[in-house]
Amino acid sequence: MTDEQDKILDEVTNSEYKYGFVTDVETEMIPKGLNEDVIRMISKKKEEPDWMLEFRLNAFRHWQKMEMPTWAHLTIPEINYQDIIYYAAPKRKAAPGSLDEIDPELKATFDKLGIPLEEQKMLTGVAVDAVMDSTSVKTTFRETLAEQGIIFCSMTEAIKEHPDLVRKYLASVVPPTDNFFAALNSAVFSDGSFCYIPKGVRCPMELSTYFRINAANTGQFERTLIVADDDSYVSYLEGCTAPMRDENQLHAAIVEIIAMENAEVKYSTVQNWYPGDKNGKGGIYNFVTKRGMCRGKNSKISWTQVETGSAITWKYPSCILLGDNSYSEFYSVAVTNNYQQADTGTKMIHIGKNTRSRIVSKGISAGFSNNSYRGLVKVLKGAENARNFSQCDSLLLGDKCGAHTFPYLEVENPSSIVEHEATTSKIGEDQIFYCNQRGLSTEDAVGLIINGYAKEVLNKLPMEFAVEAQKLLQISLEGSVG
Amino acid sequence: MTQKTTISPREELVSLYLENLDMITEGSPDILNRFREEAIQHFKLLGFPSVKNEKYKYSKIESLFTKDYEKYFAPKKISFRIEDIFRCDIPELDTHLAVVLNGFYFPNNGLTTKLPNGIIISSLAEAARNYPDIVGKYYNAQAENDTDGLVALNTAFVQDGVFIYVPKGVVEEKPIQLINLLLSTENQLVQYRNLIVVEESAQANVLICDHSLSPMQYLSNVVTEVHVGANASLEMVKMQNEHNDSAQLNHSYIVQERDSHVKTNVLSLHGGFIRNNLKMLLNGEGADAHAYGLYLADRSQHTDNYTYIDHAVPNCSSNELYKGILDDQATGAFFGKILVRQDAQKTQAYQANNNLLLTADAKVSTKPQLEIYADDVKCSHGATVGQIDREALFYMQSRGIGEHEATLLLMFGFAHEVVKQVSIESLRDRLDDLVEKRLRGELSRCNNCPMNCC
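One line per chain: the protein sequences are A and B, in this order.
Residue 1 is where the first sequence starts when you use our numbering, and the numbers rise one by one after that.
Residue 1 is where the second sequence starts when you use our numbering, and the numbers rise one by one after that.
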């Protein structure tokens, strides 16, 4: 009996990253290294117009003058940017018109990941743009969405088919000069998703991008641009996984969201890049710039993220509240275990009148990991009656991990109210004891308490995601208790 | 002289040091001299902290040093009786008095006062000669010369300051008052150093008052090192009341041994530019630290408080409360950091920062931070920026209190939460009084002081 119990416990605590497989698909790659020729090559491969190449080259020239930021509470080993392959794509003959034309290996991969690529899975009601390594593999439901005027396609296609829209909005929220990784991304970004919701349209289904790193030695640099025109609504999901490898891989993405008058955008992420093994070997470096702009009056942008993966996370989904009465919220659960490091949080820049923002961040650290919340709430002079509430809680599981909070509050307006509160604690012995005496094992009790702790955030996720996120939380923390 | 504009203040100070090395070291005790060379090298390397330095993000330091200041390496002779020009007006407050004039200990029946119970209040330079064992042990033990250019600058140039020593087991009820006066006919840069040692099981109250007595431009760069022994208790109240042309850079370092209690209270009532650094190291189990602060700023004043509480060992507690009221175009900043080291289990650390903004031009930035590496801890921090509660104001108006008076009452209540932490009753009452007058705009100086310095 005890043997069996031990076996179960062993299985549970040693359960590993389940998306760590590699797909054996023929991949087209360019040589390692980064210079202007590489950028020209990427641009040529994607058959881009001149203005796009110019955009990339300008970003690259600026990037060369920049230095990697060191202010985050992270220990980042030196990254050799010349030792990365900047473009890798699954080989294919022509753009797939239907699912049958997709490489069966690829399809199997996404099936394995549980991504509903097949259109017959109408019930799930999710339109997916799947991005493997550097390129978009397949976007589903395009036609259905097009009937309502919604554009949802890969960035490469968008540049070709909707150059005016792309040109108008690309880099309008995150300029190429914004920061080191944004500049790098602007120079070499290979693909991503583009989404445009026309005036007055309420997007009938969840839109989703699924990012997958597959090839070795490559970096993934994708770019997402979401534009919600007046009175529109869209809910957008993002998921990420990668194979298990001993070397670290770089992921530097940009997400831009623009919400016009009365528009609402809900962006949810379940980030589950390979976090490295138990000894901190391997894993993805996730250096992402995400920013939304509430440009119109009464617009709303909501970020929800569940961060369980990546060896190092450097990510601050932010929002510029430009339009009067605009509203933004940020809900985050960040879990770190083993030797993971996370420095994540948000920025809320209040510019318009009566703008409001709400930040709820829950950090959970276990093992030898370090988990930091870093956030800025800035209220500019004209932002009358701006209101912000921030709450950042940290939960420590184990005595070798760290939890940190670095909030910045900068207020220049007397009619605004800005509040921040943070707590750090561990799970109380009395709470565990209570669960134990009700017949729950310690492991289950901890799972229960953590789920309750994270509930406020998980509740904000679309249903399918919430289920996945809950499972993820459990897997990420297995073996960290006791 | 045409070259002068191209020389940066950093280079200017380094060459000032090199050119006057003889004068600086001559007559200065070896304990002070032996750190100078290393310190000036650090300063040469570090320079002034820039706004890119996270610690100094909201304060521009270098521009303060671009003004022309006189620097003295020996006390300038000013002959007067201190009682004639300055009377502390706190009624019923009987203290042991030490006066520092423009950065030099002002002789009060000699340079050293030794009380019957063994307490020593002395000029630092004099004490370094008379008590080399004590001063040598604690001097420069905590100062961060290698990371903060301003501290290194102080260590390189320091000439004098105050030394307070409370021997083992001595409990002194009567507060020790340290008055820093700035009085001159020219602009001055003063850099002095205080050393306070409270031995095991001893108890003391220290009150530090900063005043400017003449309307010149002053820049003070002051380092205070405090050592509190096991089971000892120390309360330190600092009242800053200088004029709008003065700038203060304070660096306080406090280390606490086992079961010691320390309470600090910084009240920034007036001053053009105030930067207070406070670093508390809880170095023995059971130590308890309280840090309180109040800053009231108007016109173009700038107040910036930086606190760093280092929980290095288990079972310690700390509590921090800083409050600020900012009027006109005043700017305020607060940066509070709590570090809980890996083995510091059972730590309790609380921190709060509340700010009131009264006008559209006032500005405040706050950064409360927690850095925690132990799991069995209870830590929290909170920060707010807001304005007077409209509902409370309405309630008071509905009870017949005029809007102006009600606003003042609310502000006074807001500030009182910090003032009430002062344990000496007569001082507390006086501070309440000062705060109230300050909020009413009636006060810019101590009442009885004949010098109209603000």
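Each residue gets a CB set at the ideal place from its N, CA and C atoms; glycine is no exception.
Three-state secondary structure (DSSP) of A/S416: coil
Top-ranked residue by Cα proximity to A/A342, from A/Q474, A/Y331, A/D324 and A/K315: A/K315
Continuous alpha helix (DSSP H) stretch holding B/L434: start and end: E425 to R440
Residues in the region 329-349 of chain A having any Cβ partner in chain B nearer than 9 angstroms: none
Unbroken alpha helix (DSSP H) run spanning B/Q397, endpoints: Unbroken alpha helix (DSSP H) run through B/Q397: R390 to S398.
CB contact below 8 angstroms: B/D288 versus chain A: no
Unbroken stretches of the alpha helix (DSSP H), 4 residues or longer, contained in the region 131-194 of chain A: 142-147, 155-161, 163-169 and 180-188
Below-8 angstroms beta-carbon distance, B/P368 vs any chain A residue: Yes, contact with chain A.
Minimum C-alpha distance to A/A152 - residue among A/Y169, A/S193 and A/P176: Before going on, a small fix: residue 152 of chain A reads as Phe here, not Ala. Selected option, being the one with the closest Cα: A/S193.
Per-residue burial, B/F43 [other beta carbons within 10 Å of its own, 16 or more giving buried]: buried
Chain-order list of residues whose beta-carbon lies under 8 angstroms from that of A/H404 (same chain, five-residue window excluded): H73, N370, N371, S372, Y373 and S394
Cut-off 6 angstroms between Cβ atoms - residues of its own chain near A/V288, not counting five sequence neighbours on either side: A253 and K315
Where A/G219 falls, given that 16 or more other Cβ within 10 Å makes a residue buried: buried
Assigned exposure category for A/K121 - 16 Cβ within 10 Å defines buried: Reliability of the predicted coordinates at A/K121 is poor, the pLDDT of 43 falling under 50, and the value obtained from them is presented with this limitation in mind. Exposed, by the Cβ-count rule.
Three-state secondary structure assigned by DSSP to A/E410: strand
Burial state of A/Q249 (16 or more Cβ within 10 Å): buried
Beta carbon of B/V222 nearer than 8 angstroms to that of B/L249: Contact check for B/V222 against B/L249 passes: the beta carbons are separated by less than 8 angstroms.
Under 8 angstroms between C-beta atoms of B/G272 and B/S246: yes
Neighbourhood of B/D361 by C-beta, 6 angstroms cutoff - its chain only, sequence neighbours within 5 removed: Q329
Cα-Cα separation, A/H350 to A/V377: 8 angstroms
Residues bridged to A/H62 [DSSP beta-bridge criterion]: The partner list for A/H62 (beta bridge, DSSP) is empty, contrary to what the question assumes.
B/E320: contacting residues in chain A (beta-carbon distance under 9 angstroms): Simply none; closest approach about 13 angstroms.
Whole-Å CB distance - B/T455 paired with B/R36, under 8 angstroms assumed: Lying before the first or after the last residue shown, residue 455 of chain B is absent from chain B, which here runs from 1 to 454.
Burial state of A/S190, where buried means 16 or more other Cβ atoms lie within 10 Å: buried
Member of A/N262, A/T355, A/K353 and A/S332 whose CA lies at the smallest distance from the CA of A/G345: A/S332
Through-space distance from B/Y69 to B/P218, alpha-carbon basis: Contrary to the premise, residue 218 of chain B reads as Tyr rather than Pro in this sequence. Cα-Cα distance, rounded: 8 angstroms.
Distance between A/E238 and A/F433 (C-alpha atoms, nearest Å): Straight-line Cα distance between these residues: approximately 38 angstroms.
Pair within 8 angstroms by beta-carbon distance, B/L28 and B/Q159: Before going on, a small fix: residue 28 of chain B reads as Ser here, not Leu. Going by C-beta atoms, B/S28 is nearer than 8 angstroms to B/Q159.
A/E384 to A/V255 span [Cα, whole Å]: If you take the alpha carbons of A/E384 and A/V255, they lie about 28 angstroms apart.
Beta carbon proximity, B/Y17 to chain A, threshold 8 angstroms: no
C-beta contact flag for A/G200 and A/E261 at 8 angstroms: no
Terminal residues of the alpha helix (DSSP H) in which B/D361 lies: Element bounds for B/D361: n/a, residue is neither H nor E.
Cβ-based neighbour list, A/E410, same chain, cut-off 8 angstroms, excluding 5 preceding and 5 following: L376, V377, K378 and V379
Where the beta strand (DSSP E) through A/F211 begins and ends: E206 to R212
Chain A within 8 angstroms of B/Q387, Cβ atoms only: At least one CB atom of chain A sits nearer than 8 angstroms to the CB of B/Q387.
Contact with chain A by B/C453, beta-carbon distance below 8 angstroms: Here the model assigns B/C453 a pLDDT of 42, short of 50, so the residue's position is not dependable, and the following value carries that caveat. Not one chain A Cβ lies under 8 angstroms of B/C453.
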